[in-house]
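Note that the protein sequences, when read in sequence, are chains L and U. Position 337 of the first sequence, counted from 1, bears residue number 345 in my numbering, the numbering being contiguous throughout. Position 350 of the second sequence, counted from 1, bears residue number 358 in my numbering, the numbering being contiguous throughout. Note that beta-carbon positions come from the ideal geometry of N, C-alpha and C, so glycine has one too. None of these values were measured; they are calculated from a predicted model. Please read the structure below before turning to the comments.
There are 2 protein chains.
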Amino acid sequence: MNPGDDKTNVSRREFIAAAGGVAIVRSAAGENIQVTDSTANVPADPTKVPGAPATPLGARSAFERPERRALGGAISFTPLHELHGTITPADLHFERHHAGIPTIDPERYELLVHGMVERPMKFSLAELKRFPATTRTCFIECSGNLPLRANAKTSPQSLAGLTSQSEWTGVSLATLFREVGVRPKANWFLAEGSDAAVMARSIPVDKAFDDAIVAYAQNGEAVRPAQGYPARLLLPGWEGNTSVKWLRRIELSDRAFQTREETSKYTDPLRDGAVRQFSFVMDARSVITFPAYPVRLEPGWIEIRGLAWSGRGRITQVDISTDRAQSWSRAELQTPVLSKAHTRFRYLWKWDGRPTDILSRTRDETGYTQPTRAQLDTTRGKPQGPFAYHYNPVTGWRIEDDGAVYLAGAPGERY
Amino acid sequence: MNPGDDKTNVSRREFIAAAGGVAIVRSAAGENIQVTDSTANVPADPTKVPGAPATPLGARSAFERPERRALGGAISFTPLHELHGTITPADLHFERHHAGIPTIDPERYELLVHGMVERPMKFSLAELKRFPATTRTCFIECSGNLPLRANAKTSPQSLAGLTSQSEWTGVSLATLFREVGVRPKANWFLAEGSDAAVMARSIPVDKAFDDAIVAYAQNGEAVRPAQGYPARLLLPGWEGNTSVKWLRRIELSDRAFQTREETSKYTDPLRDGAVRQFSFVMDARSVITFPAYPVRLEPGWIEIRGLAWSGRGRITQVDISTDRAQSWSRAELQTPVLSKAHTRFRYLWKWDGRPTDILSRTRDETGYTQPTRAQLDTTRGKPQGPFAYHYNPVTGWRIEDDGAVYLAGAPGERY
Chain L
9 MNPGDDKTNV
19 SRREFIAAAG
29 GVAIVRSAAG
39 ENIQVTDSTA
49 NVPADPTKVP
59 GAPATPLGAR
69 SAFERPERRA
79 LGGAISFTPL
89 HELHGTITPA
99 DLHFERHHAG
109 IPTIDPERYE
119 LLVHGMVERP
129 MKFSLAELKR
139 FPATTRTCFI
149 ECSGNLPLRA
159 NAKTSPQSLA
169 GLTSQSEWTG
179 VSLATLFREV
189 GVRPKANWFL
199 AEGSDAAVMA
209 RSIPVDKAFD
219 DAIVAYAQNG
229 EAVRPAQGYP
239 ARLLLPGWEG
249 NTSVKWLRRI
259 ELSDRAFQTR
269 EETSKYTDPL
279 RDGAVRQFSF
289 VMDARSVITF
299 PAYPVRLEPG
309 WIEIRGLAWS
319 GRGRITQVDI
329 STDRAQSWSR
339 AELQTPVLSK
349 AHTRFRYLWK
359 WDGRPTDILS
369 RTRDETGYTQ
379 PTRAQLDTTR
389 GKPQGPFAYH
399 YNPVTGWRIE
409 DDGAVYLAGA
419 PGERY
Chain U
9 MNPGDDKTNV
19 SRREFIAAAG
29 GVAIVRSAAG
39 ENIQVTDSTA
49 NVPADPTKVP
59 GAPATPLGAR
69 SAFERPERRA
79 LGGAISFTPL
89 HELHGTITPA
99 DLHFERHHAG
109 IPTIDPERYE
119 LLVHGMVERP
129 MKFSLAELKR
139 FPATTRTCFI
149 ECSGNLPLRA
159 NAKTSPQSLA
169 GLTSQSEWTG
179 VSLATLFREV
189 GVRPKANWFL
199 AEGSDAAVMA
209 RSIPVDKAFD
219 DAIVAYAQNG
229 EAVRPAQGYP
239 ARLLLPGWEG
249 NTSVKWLRRI
259 ELSDRAFQTR
269 EETSKYTDPL
279 RDGAVRQFSF
289 VMDARSVITF
299 PAYPVRLEPG
309 WIEIRGLAWS
319 GRGRITQVDI
329 STDRAQSWSR
339 AELQTPVLSK
349 AHTRFRYLWK
359 WDGRPTDILS
369 RTRDETGYTQ
379 PTRAQLDTTR
389 GKPQGPFAYH
399 YNPVTGWRIE
409 DDGAVYLAGA
419 PGERY
């Protein structure tokens, strides 16, 4: 607390001269942007060189460049293989949008709640923040979070990077529904976004009274634009598409709205030719994030690490096989294990240098066990096309005798 | 998952033309920097304009500019009044350093553990990451986290912004100590940083076997340079200064080392002229973050919000007074309540428009109750100088009849 006592007084200019790598740029709009972009001029002994000064925002090390894998302008994948613990930094949260990220002025933002209600109301952002708040750490996952045509050189980011976890804060949708007076016959509501796709989904009213949140904060700060700034719906455990971003309108009704996003898309073909609709809940899934492609292993003790999650509640168990699914052992779960949340698992294993496959399989508190691809295909028929919704097979990694790690499975059937 | 189906294909150029505000800059070193710096050209109807594309990093909204308050190059304060929930975004985590932030190449980083051990060892960063990992969400607080000469126009950021919370991941120090074989007579260890101040503290070995971590990850990603990249000591619940950043050396001994940071500084004068040394644990404290200066209140229902924490364990209770400490009511605690962690409290209150003071007081699972300033001064004598270590009085806010909110208390004795 007493800067006057410090050994060294470091000005910004001095630091730039000394360590050669940091610039603090002020943008035209007056925002401070701290850029650390040199890995070249690192002092041999950092104790002999004055360090960088305190700044309004703390940048990443120039040696750390985690990035989402952005694809086609409308999707980006969280780098799960680079992350530890369970929180996803907000700027690495996966994104999926259907007409880009809208720019919304929070002062002009309004949420309309109307339809089968006693008192239709509009809420400003300030009004939403004035209501009693609630905070919840949970995952969001795109229901299409698995590339069916993955090849051996698929990383955890590409295999499962359409799920991320944040600590969300907002107002319970139940609070807003009590405010407007939802009529007894209103069983469904429409949630509509203000993006150019006007994304809209029908949601059973029961979910609102269970655990739905209109979230305005993510990991402590304002929700980021790619995640729905200034406010989004958050339906813990349900397919990401239903947690409508840039939420502008909620309409109560006695029936589902049959929007484009729940008829032509986000429905699941079944084996008999029927199609499953309103398959909201994300089933339990796990993925090993280390070791995984493109890591190269050395023989010896390693900790197999990964994430497991279920839209139905708490993860109770993760089993690891290091012998191509012949035998399974229980992994350790990092506490606290939260409901509908990414759960970090760890399993200590000594790799003897011989080729094998390692796999993870999880189970949630409802007793549901993550299926194999063969089990899924028996139930639903083999998926057609490049992706399938709600496809959560056991997956794993093949370790070769030179320590190279690839996605496990035969070509075309890698799980 | 199927970008080809999207309603709108948005190129970066189109978005810049359409919404006028986003640029993605590639630095000389190849790092992508996304800058959203226009609040001027916001579309009247965002559904009529293509939105921004997916990017490697998701920037904040141009309308949101949270910043640490940086002071004198060696301190910056977390904007507690702008945050929700309990996680502090990594770039807003408070910082305190004594000779600036060193630049460290992770490939050259080594942690030496030696002294009274069977096998002195050096660990590379890769080796630290190879050990079994553990994850823990906890606060770090500077022991000087209270300006004694605060005036009425002091915000929560200035009043208590030297505490922040992250989800930390690393290796238990106990694991490393078992690896090197700590000798039975080794009761203390020195933790030394590789900053230009060569910050060093003596720590009892018991803390290592209790819950100390050598942390390399913060909120999922690599620890940021201002918080000790590539690895720092983390002593949950203890004064921030002991969680030595840029950790380079640990030396085991049968006595304390009496470093500069535990003799001339980070000691506490007591009433009788004696000085308390090695006062490691941060006592329980709470702070109301809303409403607080510089908010202006309107009469009606509001939710009083804040944070409480204790270095001794879980927070069990936060009481709120809205009548200048005449009566107290229990606030709600956001679950899960974690040990040695920021705990969000909330209390619904109807402000009638009349002047009053609102205060918060917390209690932890050891039965310790946050004292008043008068109680602290009776025990320790009135603090001299601009700050005191481990000074955790009940604080609050004065609300005036026009709704203006100021730090409560008489000038010079504001708590």
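Cβ neighbour criterion (16 or more within 10 Å) applied to residue i
| i | result |
| --- | --- |
| U/G389 | exposed |
| L/W309 | exposed |
| L/D409 | exposed |
| U/P307 | exposed |
| U/G417 | buried |
| L/T194 | Strictly speaking, residue 194 of chain L in this sequence is Ala, with Thr absent from that position. Classification for L/A194: buried. |
| L/I109 | buried |
| L/R256 | buried |
| L/V231 | buried |
| U/V213 | buried |
| L/D331 | exposed |
| L/L242 | buried |
| L/Q334 | exposed |
| L/F139 | buried |
| L/P394 | exposed |
| U/M9 | The predicted position of U/M9 is uncertain, since its pLDDT is 38 and thus under 50; a value taken from the coordinates is nonetheless stated next. U/M9 should be labelled buried. |
| L/R7 | This structure gives no information on residue 7 of chain L, because the portion of chain L shown stretches from 9 to 423. |
| L/T386 | exposed |
Chain-ordered chain L contacts of residue i [CB-CB under 8 Å]
| i | result |
| --- | --- |
| U/T94 | T143, E175 and G228 |
| U/G59 | H105, A107, G108, I109, P110, T111, D203 and A204 |
| U/L356 | P140 |
| U/R293 | Those within 8 Å of U/R293 in chain L number zero; the least Cβ separation is about 15 Å. |
Residue i: contacting residues in chain U (beta-carbon distance under 8 Å)
| i | result |
| --- | --- |
| L/K56 | A204 |
| L/L426 | The structure shown does not extend to residue 426 of chain L, since chain L spans only 9 to 423, so no value can be given for it. |
Rounded distance between the beta-carbons of residue j and residue i, thought under 8 Å
| i | j | result |
| --- | --- | --- |
| U/G319 | U/T297 | Rounded, the Cβ-Cβ distance is 20 Å, inconsistent with contact. |
| L/D365 | L/R406 | 5 Å |
| U/Q383 | U/N400 | Not a contact, Cβ separation roughly 11 Å. |
| U/P74 | L/I112 | Actually they do not touch by this definition, with Cβ atoms about 18 Å apart. |
| U/L136 | U/V190 | Not a contact, Cβ separation roughly 17 Å. |
| L/K161 | L/Y274 | At roughly 29 Å, the Cβ-Cβ gap does not stay under 8 Å, so L/K161 and L/Y274 are not in contact. |
| U/R322 | U/V345 | 5 Å |
For residue i, the first and last residue of its enclosing alpha helix (DSSP H)
| i | result |
| --- | --- |
| L/L133 | L133 to R138 |
| L/P212 | L/P212 -> not in any alpha helix (DSSP H); beta strand (DSSP E) instead, spanning A208 to P212. |
| L/E187 | L181 to V188 |
| L/Q165 | P164 to A168 |
| L/Q383 | R381 to R388 |
Partners in chain U for residue i, counting only beta-carbon separations shorter than 7 Å
| i | result |
| --- | --- |
| L/F71 | D113 and P114 |
| L/P74 | E229 |
| L/E103 | A62 and G66 |
Residue i - partner residues in DSSP beta bridges
| i | result |
| --- | --- |
| L/I366 | L/W405 |
| U/H101 | Answer is none; U/H101 lacks a bridge partner. |
| L/S69 | According to DSSP, which records beta bridges pairwise, L/S69 is partnered with nothing at all. |
| L/Q173 | L/F147 |
| U/Y414 | U/R406 |
| U/T142 | U/G178 |
| U/S329 | U/L367 |
| U/H122 | U/E259 |
| L/F197 | L/I211 and L/L260 |
| L/L79 | L/I83 |
Terminal residues of the beta strand (DSSP E) in which residue i lies
| i | result |
| --- | --- |
| U/F288 | No beta strand (DSSP E) holds U/F288; DSSP gives it neither H nor E. |
| L/K358 | T351 to W359 |
| U/F395 | No beta strand (DSSP E) holds U/F395; DSSP gives it neither H nor E. |
| L/F85 | I83 to F85 |
| U/Y224 | I221 to Q226 |
| L/G308 | G308 to W317 |
| L/L346 | Taken as a continuous stretch (DSSP letters only), L/L346 belongs to no beta strand (DSSP E), as it is neither H nor E. |
Chain L residues whose Cβ lies nearer than 7 Å to that of residue i
| i | result |
| --- | --- |
| U/I310 | R138 |
| U/Y237 | S69 |
Contacts of residue i in chain U (Cβ-Cβ under 9 Å)
| i | result |
| --- | --- |
| L/S163 | Result: empty, since nearest Cβ-Cβ is about 15 Å, beyond 9 Å. |
9 Å Cβ cut-off: residues of chain L touching residue i
| i | result |
| --- | --- |
| U/R388 | By Cβ distance, chain L contributes nothing, its closest Cβ being about 17 Å from U/R388, past 9 Å. |
| U/R313 | A141 |
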